[in-house]
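Start counting the sequence shown at 24; every next residue gets the next number (our numbering).
Quick reminder that beta carbons are idealized off the backbone N, C-alpha and C, glycines included.
A quick write-up on the structure given underneath.
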Amino acid sequence: MSLLPPADNDYRGSPLALWFLWLLVAVNAFRGCVHFLWEDSGAGRIAGIDLTANGAVIVHMLAQIGIDQLVWGAIQAATALRYRRFIPLVLLITLVKQAAGTFLLWVWKELPVAAPGKYGALVTLPLIALAFWLSLPRRGGAVRAAPRASPASVS
C-alpha cells in the first residue's frame, strides 16, 4: 500500500506557471527556515518588531507559520516534480491563502510595522493570480462556426 498516488505529470498549462511554482517553493523554504530556525523568527532582525513585550509569543507564532511554510513548500515541490496535473489547484490554493493574508495584513488586522512580507504580499498577489491563470489548460482547436451567408448571396 502506497501513501501517495502514482506520479501524474499530465500538465497542459504554461511552463511559466511551473517555473513560478518553483520560485514559490524557494520562497517558502527561505521564509519557513527563517521563521522556524532563527532565534527571533525574523521578527526583530527582519520585520523590526519590538519583542520586549510578549516577544516569546510572537516568536512562537512565527515559528508555527514557518512550519506551515515549509510543509506548503514541500507540497508545491511534490506538485512540480511528480503531480503536475495539480499545478492549477495548488496555485489556486496559494492564491486564496495569499489573498486572505493580504486582506489580513492590510485591512482586517493591519500589521502595524513595515515588515517586508506586508509589502511583498501586495506584489505577489497579482503574480500568483497570473501564474494560476497561465496554469489553466488552454483549449486548442476550438470549432469555429461556419460564416453565415449574406442575404444578397442567397438566390
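Going by DSSP, Gly96 is part of the alpha helix (DSSP H) stretching over Gly78 to Leu104. Contact between the segment 86-96 and the segment 44-62 is established, with three or more Cβ pairs separated by less than 8 Å.
Counting only residues of its own chain and dropping the five nearest sequence neighbours on each side, Gly96 has a CB closer than 7 Å to the CB of Val48, Asn51, Ala52 and Gly55. Taking the C-beta atoms as reference points, Val82 is found nearer than 9 Å to Asp63. Between Ala152 and Ala40, the gap from beta carbon to beta carbon reaches 9 Å or more. Pairing Val119 with Leu44 gives a Cβ-Cβ distance that is not under 9 Å. Positions of the beta strand (DSSP E) runs, each at least 3 residues long and wholly inside the segment 121-146, cannot be given because no such run exists.
Sixteen is the threshold: when 16 or more other Cβ atoms of the shown chains lie within 10 Å of the Cβ of Ala144, as they do, the residue is buried. Taking the Cα of Ala122 as reference, the smallest distance to any Cα among Arg161, Val146, Leu46 and Ile110 is reached at Val146. For the pair Gly36 and Arg162, the CB atoms are not nearer than the 9 Å cut-off. Distance from the CA of Leu115 to the CA of Ser158, rounded to the nearest whole angstrom, comes to 10 Å. For the pair Gly65 and Ala79, the Cα-to-Cα distance works out to about 12 Å.
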